[in-house]
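In this text, residue positions in the sequence shown follow the working numbering: the first is 10, and each later residue adds one.
All remarks here apply to the structure that follows.
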Amino acid sequence: MKKLRSHSKTQSDSYTSNVFYQYRLTRHMHQDWPKWLKLMAKKLGAKQIASAQSLHPLLPTETDLSEALLAIYRLQTTYKLKAKDMVAGILKGKYYSHDKWGVIECSMLGLFYFYKERYTYAIDWLKLALKLYKHSNAKLIKIMDWTFVAILEILVEATRISGRYKAAYIYANRTLARKPNDDYMKRQVEQLKELSQLPLVPNVERNSNKLYKKFCNRPYPPIVKGVSCHYLRSTPFLKLAPIKMEVLSQDPSITYYHGLLSDVEASTLKNLSRPLLHRAEFFDFKTNLYAMDYYGQRTCKTARLDDHVHEVTEALNQRVSHVTGLLLTDSEKLQIINYGMSGHIHEHIDASKRSSEGEWETGDRTATALAYLTDVEQGGETVFPLLNITVVPRKGSVMVFYNLQLNSQADERTLHVSCPIIFGDKWIATKWIRDKAQMFIRPCPIHFKPLPKSDLLPEMEVTNDLDFIREEDYAGSLMK
Numbered sequence: 010m011k012k013l014r015s016h017s018k019t020q021s022d023s024y025t026s027n028v029f030y031q032y033r034l035t036r037h038m039h040q041d042w043p044k045w046l047k048l049m050a051k052k053l054g055a056k057q058i059a060s061a062q063s064l065h066p067l068l069p070t071e072t073d074l075s076e077a078l079l080a081i082y083r084l085q086t087t088y089k090l091k092a093k094d095m096v097a098g099i100l101k102g103k104y105y106s107h108d109k110w111g112v113i114e115c116s117m118l119g120l121f122y123f124y125k126e127r128y129t130y131a132i133d134w135l136k137l138a139l140k141l142y143k144h145s146n147a148k149l150i151k152i153m154d155w156t157f158v159a160i161l162e163i164l165v166e167a168t169r170i171s172g173r174y175k176a177a178y179i180y181a182n183r184t185l186a187r188k189p190n191d192d193y194m195k196r197q198v199e200q201l202k203e204l205s206q207l208p209l210v211p212n213v214e215r216n217s218n219k220l221y222k223k224f225c226n227r228p229y230p231p232i233v234k235g236v237s238c239h240y241l242r243s244t245p246f247l248k249l250a251p252i253k254m255e256v257l258s259q260d261p262s263i264t265y266y267h268g269l270l271s272d273v274e275a276s277t278l279k280n281l282s283r284p285l286l287h288r289a290e291f292f293d294f295k296t297n298l299y300a301m302d303y304y305g306q307r308t309c310k311t312a313r314l315d316d317h318v319h320e321v322t323e324a325l326n327q328r329v330s331h332v333t334g335l336l337l338t339d340s341e342k343l344q345i346i347n348y349g350m351s352g353h354i355h356e357h358i359d360a361s362k363r364s365s366e367g368e369w370e371t372g373d374r375t376a377t378a379l380a381y382l383t384d385v386e387q388g389g390e391t392v393f394p395l396l397n398i399t400v401v402p403r404k405g406s407v408m409v410f411y412n413l414q415l416n417s418q419a420d421e422r423t424l425h426v427s428c429p430i431i432f433g434d435k436w437i438a439t440k441w442i443r444d445k446a447q448m449f450i451r452p453c454p455i456h457f458k459p460l461p462k463s464d465l466l467p468e469m470e471v472t473n474d475l476d477f478i479r480e481e482d483y484a485g486s487l488m489k
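See the structure below:
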């Protein structure tokens with residue numbers, strides 16, 4: 010406890026950006042601390058007990074622990090990380106300082122993967138737990154409701170269900186040697202003895218069809234034809250202070266503006282939003298209700314800042330208007346997003362596919378201006394799967410992309426994902442620019458030919474049902 014407390018005080022930034030610290034501390038404070046309270050109650054006086062119990066409302070909840078486990082699951086399955094590397098502090102080939110995970114951390118992950126029907130990962134974590142058990146305090150682990158036999162029993166089930174009968178037979182025998190009167194395990198040994206003679210044909214495991222898992226773990230795509238870099242001097246303001254711009258795509262338009270915000274301005278936006286941050290919500294069209302996103306589609310907190318709340322928000326709006334040439338009349342408030350542990354956002358578009366003429370007075374989201382308020386050491390890229398474009402977060406830079414065709418219909422090609430953060434702390438500021446104010450700036454030609462419906466989305470196992478969220482505290486539309 011003293012070690013954890015010392016780390017959290019002296020290295021607070023490490024705890025907010027280090028997945029190793031986050032998972033271990035969350036699990037420890039949720040599972041271990043209540044048990045320590047019970048033990049201390051037998052020896053300590055009323056004053057000490059009251060002091061310890063006063064911390065109980067601040068402890069992580071069952072939901073917090075589940076989300077920490079889900080974050081590790083998302084990180085490992087997206088980037089194909091090995092359990093032994095993660096325990097050693099290695100994430101995608103890079104070593105990070107970390108609190109070592111022990112038997113309980115590995116066992117919890119093994120059990121979590123088991124219930125997720127990802128048996129290969131489950132077996133790896135449980136085998137690591139057995140290995141670490143030899144060098145651990147068995148009495149202490151037992152107090153936390155884990156034993157060597159309990160780990161073996163889960164391994165028997167994971168190997169048996171996944172068709173690894175020889176391994177299951179070995180683990181069943183090891184379990185029976187420690188529980189000789191266990192009738193269930195006796196039957197398992199008899200059945201597995203016969204099955205172990207069969208050739209190894211592991212069962213097909215449950216897998217994910219999420220786009221971000223397919224595109225976030227690939228090498229950065231090569232620079233495509235049409236990409237260019239130059240200084241933007243299109244307005245009197247920009248003639249005095251030209252902006253470095255990088256054209257990532259001409260159709261649809263995606264442009265990356267470098268150095269649009271200073272470090273001080275980025276920090277100011279973060280500090281303004283901190284007291285207002287709350288858990289991201291989504292609108293469920295089936296129930297017509299808003300709900301907290303506990304389904305893992307968006308792992309982040311959000312806040313909204315008024316346009317005139319500070320000179321920095323006014324300056325950012327002015328610069329976005331200068332570089333895009335668009336009017337920010339009736340645009341949405343600036344949304345600040347702080348991503349959580351292994352934070353990400355599933356595949357989505359920022360415009361609506363449900364919109365009809367006149368449904369929203371200010372029109373749909375014609376463009377998105379996305380400002381990166383932090384660098385991210387690993388992960389956290391913005392990926393456009395249909396365009397083969399990957400954008401790396403760079404503090405102070407702003408990416409602008411157009412969500413609508415000239416006829417105000419959603420452009421499916423701008424479907425994008427935010428990749429899970431491997432290591433680091435990611436903050437962004439998003440400004441959605443509405444359509445109606447741009448009718449004379451971005452008019453639709455008389456003979457405009459809209460894009461055909463994309464044939465790639467079904468092939469990528471992505472539903473075409475993109476839900477547009479009308480409430481201000483939501484950062485765009487989500488895939489169902």
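Glycine included, every Cβ here is placed at the ideal spot set by N, Cα and C.
Please read all numbers here as calculations on a predicted model, not as lab measurements.
Your pair Val409 and Thr264 checks out as a contact, with CB atoms roughly 5 Å apart and the cut at 8 Å.
Taking one beta carbon from each stretch, the segment 401-421 and the segment 375-390 have 3 or more pairs nearer than 8 Å; the two touch. Taking a cut-off of 8 Å on C-beta distances, the segment 424-444 touches the segment 336-348, as three or more cross pairs fall below it. Around the beta-carbon of Asn416, fewer than 16 other beta-carbon atoms lie within 10 Å, marking it exposed. In the displayed model, Lys219 falls within coil according to three-state DSSP, outside both helix and strand. In the DSSP secondary-structure assignment, Leu379 is bridged to Met408 and Thr439. By the neighbour-count definition (other C-beta atoms within 10 Å, threshold 16), Pro429 is a buried residue. By alpha-carbon distance to Asp359, the top candidate from Glu421, Gly388, Lys148 and Asp94 is Glu421. Per the C-alpha coordinates, the member of Lys175, Gln197, Tyr174 and Ala176 positioned closest to Leu185 is Gln197. In this structure, Thr129 and Glu214 form a Cβ contact; the two beta carbons are roughly 6 Å apart against a cut-off of 8 Å.
Straight-line measurement puts the Cα of Asp133 at about 14 Å from the Cα of Lys125. In the three-state DSSP reduction, Ser282 falls in the helix class (H, G or I).
Exclusion of the five residues before and after Asn412 leaves Ile358, Asp359, Ala360, Arg374, Thr375, Ala376, Thr377, Ala419, Asp420 and Thr423 as the residues of its chain whose Cβ lies within less than 7 Å of its Cβ. DSSP, reduced to helix, strand and coil, places Ala312 within a strand of the structure shown. With a 10 Å radius around the Cβ and a threshold of 16 neighbouring Cβ atoms, Pro394 comes out buried. By alpha-carbon distance to Ala181, the top candidate from Leu139, Asn190, Gly172 and Leu164 is Leu164.
The beta carbon of Val385 is closer than 7 Å to those of Pro402, Ile430, Gly433 and Lys435 in its chain, skipping five residues each way along the sequence. Counted as a single uninterrupted DSSP element, the beta strand (DSSP E) harbouring Lys253 occupies residues Ile252 to Gln259. Exclusion of the five residues before and after Ala446 leaves Leu336, Thr338 and Asp339 as the residues of its chain whose Cβ lies within less than 6 Å of its Cβ. Proximity to Val321 across Glu203, Pro245, Leu269 and Gly352 peaks at Leu269, based on C-alpha coordinates. The shortest CA-to-CA distance from Asn212 to any of Arg169, Ala97 and Asn146 is the one to Arg169.
Note on geometry: alpha-carbon atoms of Glu162 and Tyr178 lie some 11 Å from one another. Asp316 is positioned such that its CB atom lies closer than 8 Å to that of Asn326.
At a Cβ-Cβ threshold of 8 Å, Ser282 and Ala324 do not count as neighbours. A direct Cα-to-Cα measurement between Cys238 and Val400 gives close to 15 Å. The segment 145-156 makes no contact with the segment 98-110: fewer than 3 CB pairs, one atom from each, lie closer than 8 Å. Rounded to the nearest whole angstrom, the C-alpha separation of Tyr240 and Cys115 is 51 Å. CA-to-CA, the gap between Lys222 and Arg83 works out to about 9 Å.
Following the DSSP letters along the chain, one finds Asn326 in no beta strand (DSSP E) but inside the alpha helix (DSSP H) bounded by residues Glu320 to Thr333.
In terms of Cβ geometry, Val332 and Tyr266 form a close pair [threshold 8 Å].
The C-alpha of Val28 is placed about 42 Å away from the C-alpha of Pro461. DSSP places Ser75 inside the alpha helix (DSSP H), whose first and last residues are Glu71 to Tyr88. If you check the CB distance, Ile252 and Gly334 do not come in under 8 Å.
Pairing Ala275 with Lys404 gives a Cβ-Cβ distance under 8 Å.
The Cβ atoms of Ile354 and Val426 lie closer than 8 Å to each other. Tyr142 sits away from Ala131, with the two beta carbons spaced by 8 Å or more.
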